[in-house]
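Read the structure below first, then the notes.
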DNA sequence: TCTCAATTTGATAATCGGTCTCATTTTTAG
DNA sequence: CTAAAAATGAGACCGATTATCAAATTGAGA
Ligand SMILES: [Mn+2]
Ligand SMILES: [Mn+2]
Ligand SMILES: [Zn+2]
Ligand SMILES: [Zn+2]
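Chains as they are written, first to last, in the working numbering: chain A, 190 to 350; chain B, 190 to 350.
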């Protein structure tokens, strides 16, 4: 049993919940897929691997992962929640390329310290924060003309009239 | 005519759009209400003041304000977009109290500089960013037991089972 | 000022991510 | 093994926002 399975089981038993094959299966795939996955993406991935677990269960289970401290939910501005394993993963923030939807993780202790300083000045107690830098990644700014090297998002229709 | 009305008109004419009484009325109320307003809140405020403008037009017009550079859209994690006038307003980020939904604005050039530094390190070009610190404000941490002094958000049902 | 094509509006239908409901199945303490 | 509690899948439902469309308004040019 992986450490992650243990963490999940601990949370499950301490909350009088139940260990199910669905939860184990979802945890497995969740750990093996790319970071910042959406519920829908995870659902499709599981289907590809032969699973018949329903989408509602995917949502429920991702929420459970978050409640157990295994994962965290993120929003990168495309209207879908994304999830990433955070157990044993250093805290970090994100650079989000709006061209190709690539997500680059970074860690900056100076910024974290300054956030705390700001909070102190306002007598505010931080328990979470969100720092995202939106723009264009290196790859995308090099290929000035081409459009979407690693597209992941649906392009939303824009009424320009 | 206020400077804001001029900016809007400039955007409107340069895009072959039309100046309407609705747009002027919405801009007026938008400028006179509190910052970080939702479309729904602005709609109700206008109704209170006797307007009969439809909600769809409020949404359309707030989007227009954003397109013209007068306003910006924000998301503070409660699932509704909020808007604030940013013309002639210094860039700032936000402390969001999850107890009372108070929003405190702050400005920190050191953090902004460090963000740019991070971006440079990753050869990334930032064109916008989002920094929000979530937690408990001074007022709320003082009244340890009381719940919602200036409640603004609907409490979402949480299935704890 | 009049005309009229283009734009905007209000009402409301549609969309979309996500949650809830409920009948059925699975888990697990005893 | 039993039975109560919890979880599941299917699909109904929800809330914020956008799209549709007929009717009204706007404004550039005559
Ligand atoms: Mn990450
Ligand atoms: Mn603000
Ligand atoms: Zn990119
Ligand atoms: Zn507060």
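Beta carbons: idealized from backbone N, C-alpha and C, even for Gly.
Hey, is residue i close to ligand 2, as in C-beta under 7 Å from one of its heavy atoms?
{"i": "residue 271 of chain A", "result": "no"}
{"i": "residue 224 of chain B", "result": "yes"}
{"i": "residue 186 of chain B", "result": "Missing from the structure shown is residue 186 of chain B; chain B here goes from 190 to 350 and no further."}
{"i": "residue 296 of chain A", "result": "no"}
Is the closest heavy atom of ligand 1 to the C-beta of residue i under 7 Å?
{"i": "residue 283 of chain A", "result": "yes"}
Chain A contacts made by the segment 292-313 of chain B, where a contact means CB separation under 7 Å | 293, 295, 297, 299, 300, 303, 304, 307, 308, 311, 312, 313
For ligand 3, which residues have a Cβ under 5 Å from at least one heavy atom, in chain order?
-> A/286, A/288, A/289, A/291, A/326, A/329
When the Cβ atoms of the segment 226-235 of chain B are set against those of the segment 245-258 of chain B, are three or more pairs found closer than 8 Å?
-> yes
Please go through the segment 218-276 of chain A and give each complete beta strand (DSSP E) segment of 3 or more residues, from N-terminal end onward.
-> 260-264, 270-274
Sufficient close CB pairs (3 or more, under 8 Å) joining the segment 287-295 of chain B to the segment 308-319 of chain B | no
What residues from the segment 317-330 of chain A come within 8 Å of chain B, judged by C-beta to C-beta, listed N to C?
-> 317, 318, 319, 320, 321, 322, 323, 324, 325, 326, 327, 330
Given 8 Å, three or more beta-carbon pairs between the segment 271-282 of chain A and the segment 324-333 of chain A = no
Decide yes or no for the touch test of the segment 257-267 of chain B against the segment 194-213 of chain B: beta carbon pairs closer than 8 Å, at least 3 of them.
-> yes
Using 8 Å as the Cβ pair cut-off and three pairs as the minimum, do the segment 279-287 of chain A and the segment 273-284 of chain B touch?
-> no
Whole beta strand (DSSP E) elements within the segment 270-329 of chain B, 3-residue minimum = 270-274, 282-286, 292-295, 314-325
Which residues, in order along the segment 272-290 of chain B, keep a beta-carbon less than 7 Å from a beta-carbon of chain A?
-> 284
Name the residues in the segment 190-223 of chain B whose C-beta lies less than 7 Å from a C-beta of chain A; which are they?
-> none
Residues of the segment 233-258 of chain A with Cβ closer than 8 Å to any Cβ of chain B, in chain order = none
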